[in-house]
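Top to bottom, those sequences are chains A and B. So the first sequence is numbered by the numbering used here: it starts at 1 and just counts up by one. So the second sequence is numbered by the numbering used here: it starts at 552 and just counts up by one. Just so it is clear, CB atoms sit at the ideal spot from N, CA and C, and this is done for glycine as well. Since the structure is predicted, the reported quantities are computational estimates derived from the model, not experimental observations.
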Amino acid sequence: MEDGYPDHMRKSIEKVEKTRSERVGKTFERMGAEESEEVLNRFHPDYREEGKKELVVGPSKGEKAPVELAQLLHSPSLIDPDEVDLSQIDHDVDILIIGGGGAGTVAALWAVKEGISPENILLATKLRHGDSNSMMAQGGIQAADKEIDSPIQHYLDAIGGGHFTNDEALLKALTEDAPKIMKWHEELGVMYDRDKDGDFVELPGGGTSRYRLHSAGDYTGMEIMRVLRDEFRNKDIPVLEFAPAVELLTDGNGEVTGALLMNLETNEYYVVRAKSTIMATGGFGRLHIQSYPTTNHYGATADGLVMGYRAGVPLRDMDSVQYHPTGAAHPDQVVGLLVTEKVRSLGAQPVNVDGEMFVNPLEPRDVEAAAIIRECYGREKGVTTPTGMKGVWLDSPLIDELEGEGTIEDRLPAMVRQYKRFGIDMTKDPILVFPTLHYQNGGLVINPDGSTPVKGLFASGEVSGGIHGKNRLMGNSLLDFNVFGRRAGMAAAKRAQKAGSPAKLSLEHIDKHTEDLEKAGIDTKDTSPRLLPEYRGKKVLERHLDISVTL
Amino acid sequence: MADQEEQNMIDIYVMGRRYRVPEGLTIMTALEYAGYKYVRGCGCRGGFCGACSTVYRKEDDYKLKMDLACQTAVEDGMFLVQLPFVPALREAYEIEDVDPGEKDNVLLDLYPEIARCVSCNTCSKACPQDIEVMDYVQAALRGDVERTAKLSFDCLHCGLCSIRCPADIKHYHLAQLARRLKGRYLDLDSSELEKRIKELEEGIYTEEYEEMLKMTIDELKKCYEERKFEEEG
């Protein structure tokens, strides 16, 4: 197998090896409160005021959002309302679901259970059905079902973890519904890890006071998601793939009445009229807030936030973003993917390009992340990868030196396998890490039944805010999309059963948005929603002709 | 970027056209470097979703190789074809009606073509997750739901197995059915969960929730700080 590290990285590894024997059994002093405060203020992305911008248009005007998101919210629409003919309706449905990840799929299933006929539902999604962060979640799903645990304890853990900023009614719904969701999954046949009596094998997560994390190997999200999708296919619910929504439609009076979709391959638009519309587009990881790599999937570009906001739904807690201190920084194949905290718990130390320690390995997550950023960008002591990323070493071979040979293979088998694939043996060589953008804590404001303040529009999953306040606990996002996908699906169904077909489809709210931008003096070439991130080579884009060639 | 210039550049061929790209990129990022923008063939970019199945050949090798574009590094002289997902036919069923305890072989009933398996093992060789695909097809043929479910657990539904199969077997749909049968029928239900759901239905947490919702932030903080952790006993 080829060496997974190029020469210049190999040279830095030699330095790490030289200092390793001196570092065995030693630890770096924990930061005092004052230094923690300072490093957070100077280097944690959430504390950098220049990373945020005040919104100047829309229902949350005056509140702050990450610059990258503000740019999208402050951009004109991707479409010109004058070029769109809304009189030709392509799909006339009871419920339109925008997004084919966990939340959208769950909403569809519960709308059917509530009595909506499958053919009167349309699920439109930007990529394939199932392409989502839901599919990528590894850790597990929280639900208080053990005797020693209770939904109340779950509530308390989550509200503390969220720094007491969570919406209380939403959090009650989350924790109270959790056991019901597990029961539903049991009936659907999700293969959870169980003991010999059939009870779930449960683990603790960061910030949980009970062993409450249910998992299905290292593939919990994938297992849940593929079962949900399988059930969805059994019900024969119509799906449009590669057909993202590009704007919501309204009645011109503040009520959502459907959406405009776009065929991503032909650029043709489709008009959908719906009695209820559910926004389930996920988060914003692919905006790469403050240039961070991300654990998120290709389509996580905040489309739902942009469309919902223009239709009048306020945003909340957008100023807080979840970063994990140790994402993989090399090789490119795994950049941004999570390197579990357990590697540090077992004794691996973060060290810089010269093999020097610079932070205690077990500072709180935000402090640890900020210290790694300081080492790379404040002190220029990071290691640069072939793709231009910076990171610090996590000196994994120390684990075997401390705990005896074979410990790494024994305790971290999946990680060892992952790195081996790319010619890196983490039992012999350190691995390169850097904080990674993980989760959008905030989002569209919702009520406990999944409705938004705008009539006709519902939202669930990562696109919504309030459930987790300013910080989500591990294992509560898989739960979130199940609980609120279900609630939104049921509430959307109830509305559709009562409401007649919307009388009017319009893009007047987009005209208003354009006016607002003009009034605010905003002039940008950008448009939004973004739909897909841009990763093409710089050299190519510099010579790119913006013309389309017909076949 | 200074480091960029120090990098080795290699040649790859996309549908026959040559591009020079830096060594160390994945097939996916190399194509993007070359100027391609994905619409299809790109999903989670982390080896979990199976959207980026790809087929390639090396210059002096007649063999077709298969892998995930996001999890495979480019090599000099790689000839690449992006493979859009090819859906295989799938049988609809009601999970309530397929109890394997009541039927001879549910898997064979819904997917009779597994009986055509010629044991060529092409499916296993095509699998980017190193699953013993042929072995679970054989297990399914014997009606062994448990083994089919376990062997197939790491399946990403990328579909490479089914594309290559000479017997038209829909491996990943078959495996999905087996896993759901195991989850629903073979695994015992949790009695703890049953008990908790009954408690919730009886409303025994209603009062506590009400108290919790009435608390001021300071009272909540106090409760939070005084939590006892399970591992402390």
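Taking 8 Å as the cut-off, the beta carbon of A:ARG210 is found no closer than this to the beta carbon of B:GLU762. Assignment of beta-bridge partners to A:LYS53 by DSSP yields A:ALA65. Taking a C-beta cut-off of 8 Å against chain A, the contacting residues of the stretch 636-662 of chain B are PHE636, ARG641, ALA643, TYR644, GLU645 and ILE646, listed in chain order.
Per DSSP, reduced to three states, the secondary structure at B:TYR570 is strand. Taking CB atoms only, B:SER741 has a neighbour in chain A less than 8 Å away. From the beta-carbon of B:CYS709, no residue of chain A is found nearer than 7 Å; the closest lies around 11 Å away. Closer than 8 Å to the CB of B:MET763 there is at least one CB belonging to chain A. For A:MET307, no CB of chain B lies under 8 Å from its own CB, so it is not counted at the interface with that chain.
If you draw a 10 Å sphere on the C-beta of B:TYR584, you find 16 or more other C-beta atoms in it, and that means buried. Distance from the CA atom of B:ARG747 to the CA atom of A:ASP449, rounded to whole angstroms, is 22 Å. In terms of beta-carbon proximity, B:ASP705 lines the interface with chain A, with at least one pair separated by less than 8 Å.
At a cut-off of 8 Å between beta carbons, B:VAL590 contacts chain A. In the structure shown, A:GLY221 adopts helical secondary structure according to DSSP, grouped into three states. Less than 8 Å separates the beta-carbon of A:PRO151 from that of A:THR175. DSSP links B:ASP562 through a beta bridge to B:ARG571. Using a Cβ distance threshold of 8 Å, B:VAL590 and A:GLU247 do not count as a contacting pair. In the DSSP assignment, B:LEU658 falls within the unbroken alpha helix (DSSP H) covering 657-661.
Pairing A:ALA491 with A:PHE458 gives a Cβ-Cβ distance under 8 Å. Residues of the stretch 606-635 of chain B whose Cβ lies closer than 9 Å to any Cβ of chain A, in chain order: CYS621, GLN622, THR623 and ALA624. For A:LYS235, the secondary structure class from DSSP, reduced to helix, strand or coil, is coil. Per DSSP, reduced to three states, the secondary structure at B:GLU664 is helical. With a minimum length of 3 residues, there is no unbroken run of beta strand (DSSP E) contained wholly in the stretch 487-540 of chain A.
Taking 8 Å as the threshold, the shortest C-beta distance from A:GLU247 to chain B does not fall below it. The three-state secondary structure of A:GLY312, taken from DSSP, is coil. Pairing A:GLN349 with A:PRO364 gives a Cβ-Cβ distance that is not under 8 Å. Residue pairing by DSSP puts A:TYR270 in a beta bridge opposite A:LEU261. The residue among A:ARG486, A:ASP85 and A:VAL201 with its C-alpha nearest the C-alpha of A:ALA144 is A:VAL201. The beta carbons of A:ARG128 and B:ALA602 sit about 6 Å from each other, so the pair counts as a contact at 8 Å. Taking the Cα of B:PHE704 as reference, the smallest distance to any Cα among B:PRO717, B:ARG693 and B:LYS733 is reached at B:LYS733. The beta carbons of A:VAL433 and A:THR326 sit about 4 Å from each other, so the pair counts as a contact at 8 Å.
Rounded to whole angstroms, the separation of the alpha carbons of A:PHE232 and A:THR105 is 7 Å. Inter-residue distance for A:PHE28 and A:GLY347 is about 12 Å (C-alpha atoms, whole angstroms). Shown here, A:ILE278 sits in a strand according to DSSP, grouped into three states. At a cut-off of 8 Å between beta-carbon atoms, A:MET474 makes no contact with chain B. In the structure shown, A:TYR439 adopts extended strand secondary structure according to DSSP, grouped into three states. Residue pairing by DSSP puts B:ARG608 in a beta bridge opposite B:PHE630.
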